[in-house]
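J.: Take a look at the following structure, please.
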Amino acid sequence: MEFKEVLLTRRSVRSFSDKPVSSELVRDLLKLAVEAPSSQGKEPWLFGIVQDAELLSEISEGTKAFMLDRIQSVPDLEVYRGFFTDPTTDIFYHGKTLVMILASQDSRSADVDCALAASGLMLSAREKGIGSCWMGFGQIYCNQPSVKEKLGIDQGLKIVAPIILGYPAVEFTTKERKDPKILFWKE
Ligand SMILES: Cc1cc2nc3c(=O)[nH]c(=O)nc-3n(C[C@H](O)[C@H](O)[C@H](O)COP(=O)(O)O)c2cc1C
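What the sequence shown shows, in our numbering, is residues 4 to 190, in sequence order.
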């Protein structure tokens with residue numbers, strides 16, 4: 004598959020089939036993710052994988068309750084009230100493999116570096132026919148000190164990118180983007 008096709012058809016996938024992503028494939032994706040550039044070549048990323056269905060469900064339910072609570076103080080989350088209150092909502096869309104990319108804090112650019120690794124991971128997943136979606140709500144929840152403790156994550160680490168992976172139950176499609184807004188181009 005040409006790179007351009009990978010780029011144009013990488014979509015946030017929100018419907019997954021039951022087929023599990025093998026450990027071998029997850030390892031392949033991690034090897035590709037760490038090809039990302041990083042400030043001073045520090046490679047400040049760490050990875051945590053969750054394939055335990057019970058734990059994924061606990062994180063999903065915890066996230067829903069936590070985000071519902073946050074709606075009081077963050078009104079623009081109101082649009083998600085139905086999503087968070089619906090008992091059938093799984094924030095992971097029934098994806099069965101969660102890859103967390105965590106930043107060690109010994110580099111000032113760790114968050115950016117981890118986001119670049121996440122991008123590489125998602126594009127590589129697409130190339131292998133695996134769908135991905137960045138779990139922003141889960142990220143906020145999992146960074147709570149009590150949740151980190153439960154997950155056995157050192158408090159000094161920051162979860163930058165929780166990415167759910169799975170074989171999509173939908174087609175990979177293109178999606179229209181706005182034209183790039185060029186603010187300046189000095190010649
Ligand atoms: C930082 C970040 C957080 C995101 N959080 C969520 C999320 O919690 N749930 C979700 O379904 N999609 C989430 N997304 C996916 C975006 O909604 C998606 O990338 C955007 O709508 C563009 O669609 P595309 O990825 O298919 O091109 C997140 C994406 C990013 C980059």
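Virtual Cβ for every residue (Gly too), placed ideally from N, Cα, C.
#1: Closer than 6 Å is what we want: which residues have a beta carbon that near any heavy atom of ligand 1? List them in chain order.
#2: Which residue's Cα is closest to the Cα of residue 146: 68, 130, 163?
#3: Would you mind giving the Cβ-Cβ distance between residue 66 and residue 141, rounded to the nearest angstrom? I have them listed as a contact below 8 Å.
#4: Below 8 Å on the Cβ atoms is my guess for residue 109 versus residue 42; work out the distance and round it to an integer in Å.
#5: Would you grab the beta carbon distance between residue 125 and residue 17 for me? Rounded to a whole angstrom, and I think it's under 8 Å.
#6: With distances taken Cα to Cα, identify the nearest neighbour of residue 46 among 156, 178, 118, 182.
#7: So residue 51 is in the beta strand (DSSP E); what residue range does that whole segment cover?
#8: Could you check the C-alpha separation between residue 129 and residue 187 for me, to the nearest Å?
#9: Sort 168, 127, 97 by Cα distance to residue 8 and report the nearest one.
#10: Reducing DSSP to helix, strand and coil, say where residue 4 ends up.
#11: Across which residues does DSSP place residue 137 in a beta bridge pair?
#12: Ignore the nearest five residues each way along the sequence and tell me which others in residue 49's own chain have a CB closer than 7 Å to its CB.
#13: State the start and end residues of the unbroken beta strand (DSSP E) segment that holds residue 104.
T.: Quick answer:
#1: Sorted by position in the chain, 14, 15, 17, 136, 137, 138, 139, 140, 178 make up the residues whose C-beta lies under 6 Å from a heavy atom of ligand 1.
#2: Closest option to residue 146, Cα to Cα, is 163.
#3: Cβ-Cβ separation between residue 66 and residue 141: approximately 5 Å, consistent with a contact (criterion under 8 Å).
#4: About 11 Å separates the beta carbons of residue 109 and residue 42, which is beyond the 8 Å limit, so they are not a contact pair.
#5: Rounded, the Cβ-Cβ distance is 14 Å, inconsistent with contact.
#6: Considering only 156, 178, 118, 182, the residue with the shortest C-alpha distance to residue 46 is 118.
#7: Its beta strand (DSSP E) spans residues 48-53.
#8: Distance between the alpha carbons of residue 129 and residue 187: 33 Å.
#9: The shortest C-alpha separation from residue 8 is found at 127.
#10: Correct three-state label for residue 4: coil.
#11: According to DSSP, which records beta bridges pairwise, residue 137 is partnered with 166.
#12: Excluding residues within five positions, the ones whose Cβ falls inside 7 Å are 105, 107, 160.
#13: Residue 104 -> beta strand (DSSP E) spans 100-106.
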